[in-house]
Amino acid sequence: MITFVGAGPGAEDLITVRGQNLLREADIVVYAGSLVNPGLLSLCRADCAVYNSAKMTLEEVLEVMTEGEREGKRVVRLHTGDPCLYGAIREQMDELEKLGIAYEVCPGVSSFCGAAAALKAEYTLPAVSQSVVITRMAGRTPVPEKESIRSFAEHQATMVVFLSTGMLRELSAELISGGYPAHTPAAIVYRATWPDEKVLNCTVETLAETAAKAGVTKTALIVVGRVLRGEYERSRLYDPSFTTEFRRASVHAGDGAEKNAVEDRDKKNGGEDNE
Numbered sequence: 000m001i002t003f004v005g006a007g008p009g010a011e012d013l014i015t016v017r018g019q020n021l022l023r024e025a026d027i028v029v030y031a032g033s034l035v036n037p038g039l040l041s042l043c044r045a046d047c048a049v050y051n052s053a054k055m056t057l058e059e060v061l062e063v064m065t066e067g068e069r070e071g072k073r074v075v076r077l078h079t080g081d082p083c084l085y086g087a088i089r090e091q092m093d094e095l096e097k098l099g100i101a102y103e104v105c106p107g108v109s110s111f112c113g114a115a116a117a118l119k120a121e122y123t124l125p126a127v128s129q130s131v132v133i134t135r136m137a138g139r140t141p142v143p144e145k146e147s148i149r150s151f152a153e154h155q156a157t158m159v160v161f162l163s164t165g166m167l168r169e170l171s172a173e174l175i176s177g178g179y180p181a182h183t184p185a186a187i188v189y190r191a192t193w194p195d196e197k198v199l200n201c202t203v204e205t206l207a208e209t210a211a212k213a214g215v216t217k218t219a220l221i222v223v224g225r226v227l228r229g230e231y232e233r234s235r236l237y238d239p240s241f242t243t244e245f246r247r248a249s250v251h252a253g254d255g256a257e258k259n260a261v262e263d264r265d266k267k268n269g270g271e272d273n274e
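Okay, so the sequence shown: first residue is 0 according to numbering that gives the first Met the number 0, each after it adds one.
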């Protein structure tokens, strides 16, 4: 069995328990050396063969994994964050399927979650944004035109931008051209959850100068949106006047109109409201 494992955003203790156990049991580990915290390799046994994929081609990675599997060894392919985001795992899985080799995926904590924790932010605030766009600027790896930063910016949703720290002037221009006001809150989160993490608060128009002043040129996420401002409506789910499947609304005496509205809603929804 070959297992793709998400290493988490950086901190050694943010890998899942399952991921830890898989590393401890592995005979072979192929890890993304340019991004994965090398401290995680301390979980491996002394006799585990470890390969740094930053110095390897796809073909070389596949050769190591398939040879190990044929020898009956337990192989872990260790990717940064969660493998489903910019992990280039589809091409590896497709080749394994062609060869009839079984594999599975152990999910991990993505760096965009680590960035939210660093910012003490909620990406989905009531009446502000209920969607999160995860994307990147086009660089040496192209982005479909219909998925350009400019087109996504029209929605004014929360946006998390990967792999774009070296193009912040262009990013600002695209965000503003797409519809974000220049003063929209933004943040640069450098190496989220690592010991040297930096959180740089700024605006859409000051992204480049903020990064330059802090000396940040790579390994950072850009977060954009009004959720960083802190203004929002209270969640209805925990509102005392809101009935859910698990809790009846409590309406104070004298709130007749509100009580009637709740009762009408209850009748319409069969007595339950899951929000």
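By construction, the Cβ of each residue, glycine as well, lies at the ideal position given by its N, Cα and C atoms.
Length of the line joining the Cα atoms of residue i and residue j
| i | j | result |
| --- | --- | --- |
| residue 65 | residue 21 | 18 Å |
| residue 201 | residue 109 | 23 Å |
| residue 97 | residue 30 | 23 Å |
| residue 24 | residue 166 | 41 Å |
| residue 241 | residue 234 | 10 Å |
| residue 93 | residue 102 | 10 Å |
| residue 252 | residue 239 | With a pLDDT of 39 at residue 252, under the threshold of 50, the modelled position of this residue cannot be trusted; read the value that follows with caution. C-alpha separation (whole angstroms): 13 Å. |
| residue 279 | residue 219 | Shown here, the chain extends from 0 to 274; a query on residue 279 therefore has no answer. |
| residue 53 | residue 34 | 9 Å |
| residue 62 | residue 237 | 53 Å |
| residue 8 | residue 104 | 17 Å |
| residue 208 | residue 184 | 15 Å |
| residue 47 | residue 75 | 11 Å |
| residue 26 | residue 59 | 17 Å |
| residue 19 | residue 99 | 27 Å |
| residue 205 | residue 171 | 8 Å |
| residue 198 | residue 221 | 10 Å |
Residues that residue i bridges to, as DSSP identifies them
| i | result |
| --- | --- |
| residue 226 | Answer is none; residue 226 lacks a bridge partner. |
| residue 219 | 189 |
Reference residue i, options the options, closest by Cα
| i | options | result |
| --- | --- | --- |
| residue 174 | 191, 154, 86 and 188 | 154 |
| residue 160 | 85, 178 and 229 | 85 |
| residue 118 | 0, 70, 223 and 5 | 223 |
| residue 213 | 77, 172 and 189 | 189 |
| residue 88 | 129, 4 and 147 | 4 |
| residue 51 | 133, 45, 78 and 42 | 78 |
| residue 16 | 42, 111 and 0 | 42 |
| residue 162 | 36, 2, 217 and 81 | 217 |
Buried or exposed by the 16-neighbour rule on C-beta atoms within 10 Å, applied to residue i
| i | result |
| --- | --- |
| residue 142 | exposed |
| residue 245 | exposed |
| residue 227 | buried |
| residue 81 | buried |
Cβ-heavy atom distance, residue i to the ligand GTP, below 7 Å
| i | result |
| --- | --- |
| residue 224 | In the structure shown, the ligand GTP is absent, as is every other ligand, since no ligand is present at all. |
Taking only runs that begin and end inside the region 20-71, name each unbroken alpha helix (DSSP H) of 4 or more residues, in chain order.
Counting only runs of at least 4 residues, the region 20-71 fully encloses the following alpha helix (DSSP H) elements, listed from N- to C-terminal order: 57-69.
Which parts of the region 97-136 are runs of the beta strand (DSSP E), unbroken and 3 residues or longer, counting only runs that do not cross its ends?
Whole beta strand (DSSP E) segments, 3+ residues: 102-105 and 131-135.
Tell me the start and end of each unbroken beta strand (DSSP E) in the region 146-190 that is at least 3 residues and wholly inside, in chain order.
157-161 and 184-189
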